[in-house]
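Here the sequence shown stands for residues 1 to 420, where the numbers follow full-length UniProt numbering. All C-beta atoms, glycine included, are put in the ideal place defined by N, C-alpha and C. A short worksheet on the structure shown next.
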Amino acid sequence: MPEDNENDDLLFNELMEGKRKDYEVVKRYITRDGQVKTAILNMSYIHDSLTGDNFYLGQLIDLTEKLLIEQTLRKREEKYRLLAEHSSDMIILHKPDSTYLYISPSIKGILGYEAEELLGRKPHDFIHPDDLNVVRRNYQKVISELIPIRGTYRCKKKDGDYVWLETGLKAVLDEESGQVRELISISRDVQQRMETDELLRKSEKLAVIGQMAAAVAHEIRNPLTPIKGFMQLLSSGLQNYNPAYTAIILNELNRIETIITEFLSMAKPHSEKMQVLKIDDIVKQVVQLVRAEALFNNKEITLETAEVPGIIGDENSLKQVFVNIIQNALDAIDENGIVHVTIFSEKDFICVEIRDNGCGVPKELLPKLGEPFYSTKEKGTGLGLMTSYQIIENHKGQINIESTEGIGTKVSIMLPPHFG
Ligand SMILES: Nc1ncnc2c1ncn2[C@@H]1O[C@H](COP(=O)(O)OP(=O)(O)O)[C@@H](O)[C@H]1O
Ligand SMILES: [Mg+2]
C-alpha cells in the first residue's frame, strides 16, 4: 500500500548509501486478487567477495495469519479480564509456585486489600495456620494430578480477622510443553454460610438434648421408686437389716449415675473424635435410654442385634442420629405401636434398620425429608433428619428412607465396616 512505502524508501536509501547493512519493516501489500496482507520485509545488502558483486536481498514473510491470531487472543483476553474485573468472586491468577500474578478488584470487598498491594506475594501468608496443611495438599494435587479442586479454609483479612472462603483451583497448561503455566483460583466469601450451618447444628443439638431430658427424667424416676421403698422399710425398723436391700439400692443408684453421665456426655459441647466403635453397643444404649418413656406411653421398642464388625466414628454424633431417628419412629406410632430396631451386617456395610408401623409419609412429601425446618409436628424442629444425613455422610455412610402412608416407615442407616 502506497502509504507504507515512505519509511521503506527512507531505509532503502540508507542501505544504498551504506549507512546500514540491513533493515526490517512491516508493510501492507495488495495481492493480485485485491486482498490486503501484512508482511514483514527484510532487506539486506550483500557483497560477494569472490566476484566483487553487490546486491540487495529482499525477504517477505506473510504475517496476516499470525496477526489475526494475536488479535483474537488479545480480544479474548480482554473479554476474560472484563469478566474478572466485574465479578463479585475473587479471581486470581497464580504462578506455578503460587505467587499472585493477577488479582481481581473484588478482593477489596472480601479481604480489604487493594489488588496491587498483594501482587508478588503468596496465599500462604494469609491462610489460617490450622488450614494451611490441607490447602497445601490440595495445591500440590492440582499441580501434580491436574484435576480442579474445591476447598474451604480461613483467610486473614487486612484488619486481621479471618473469613471463611470457598475456593476452586485449576491449573492452566502451556499448550506446547504441557507444563503448568499458571493457576486460576476463584474464591467466594462463605462466612455467612458457615455460621448458619454451625447455628443449625447447635440448635438441633439443643432440641435433641431437650427430647432426651424427658427420657432421662423417666429413667431416673424408675430406680428412685425401689430406692425410696427400701429406705422407708429400713428406717421403719420393722425388719432386720437385710444386705440384699443395700445391694439393690446400690445397683439402682449405679444405674442413675450411668444415665446421668451418659446424658451429660451428650449435652456437653464436644469436639468430634473418630475412633473404632461397636455400633451395636451405641444403639443398645440409645434404645435403653428412650425405652422407659416409650413404655410409659404404651409404645414398644424391640432390639435385635447380630455379631457385626466395628466401625470408625464419633460416638456422640452417632448417638444423636439414633436418638433422632428412633424418636421420629416413636412420634409416628400411636399407643400400642411398635418400633423394631435391627442391626445386621452385609458385605460392604453394617446396617441399622429402624422400622415402625406408624403414620408413614405421603409419597409426594418423601423428598422433603431432610430439608431443614421441614416438620409436621407441633413442637418439631425439622432439623433432626438434616443433621442425621450430615453426620452419616461424614461417616461415609448413607441413610435410606422407605415409607408408605398409613402403613409405616423403614429408615436404614448404612455405615462402612472397619476391619483391623
Ligand atoms: N418414622 C417416621 N414416620 C413418619 N414420618 C416421619 C418419620 N420420620 C420423620 N418423619 C417426618 O419427617 C419430618 C422431619 O423429621 P425431623 O427432621 O426429625 O424433624 P422433627 O422430628 O423435628 O419434625 C417429621 O416432622 C415427620 O413429618
Ligand atoms: Mg426428629
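Whole-angstrom distance between residue j and residue i, CA atom to CA atom
i	j	result
V163	H128	9 Å
D280	A306	8 Å
L63	V36	11 Å
Q179	I186	21 Å
L253	S235	18 Å
C155	S88	17 Å
L10	R76	37 Å
L93	G408	55 Å
D311	V276	The sequence as given places Ile at residue 311; Asp does not occur at that position. Going from the Cα of I311 to the Cα of V276 covers about 6 Å.
E315	K273	8 Å
residue 461	Y100	The structure shown does not extend to residue 461, since the chain is modelled only from 1 to 420, so the question has no answer here.
I40	E70	16 Å
T167	V290	43 Å
Y56	E175	39 Å
E182	Q191	28 Å
E78	E116	19 Å
Buried or exposed by the 16-neighbour rule on C-beta atoms within 10 Å, applied to residue i
i	result
K228	exposed
M1	exposed
A207	buried
D97	exposed
L173	exposed
F419	exposed
R32	exposed
I301	buried
heavy atom of ligand 1 below 7 Å from residue i C-beta
i	result
G360	yes
Y374	yes
K377	yes
L369	yes
S87	no
N324	yes
L385	yes
S403	yes
D356	yes
T342	no
Y381	The question names Tyr, yet the displayed sequence has Thr at residue 381. For ligand 1, at least one heavy atom lies less than 7 Å from the Cβ of T381.
Ligand 2 heavy atom lying under 7 Å from the CB of residue i
i	result
G210	no
N328	yes
Three-way DSSP call (helix, strand, coil) for residue i in this model
i	result
R28	strand
Q275	strand
L101	strand
N222	helix
K410	strand
L295	helix
Contact set for residue i: own chain, Cβ-Cβ below 6 Å, skip 5 residues either direction
i	result
N42	E24 and Q59
F344	A306 and C351
M386	G370 and P372
S412	C351, E353 and N400
A84	I91 and S104
K21	Y45
Contacting residues, own chain, Cβ-Cβ under 8 Å from residue i (five flanking each side not counted)
i	result
I260	V216 and I220
P309	S345, I350, P417, H418 and F419
Residue i beta carbon near ligand 4 (any heavy atom closer than 7 Å)
i	result
Q320	By its list of ligands, the structure shown excludes ligand 4, since it contains just ligand 1 and ligand 2.
Neighbourhood of residue i by C-beta distance below 7 Å, restricted to the same chain and skipping five residues each side
i	result
F12	M43
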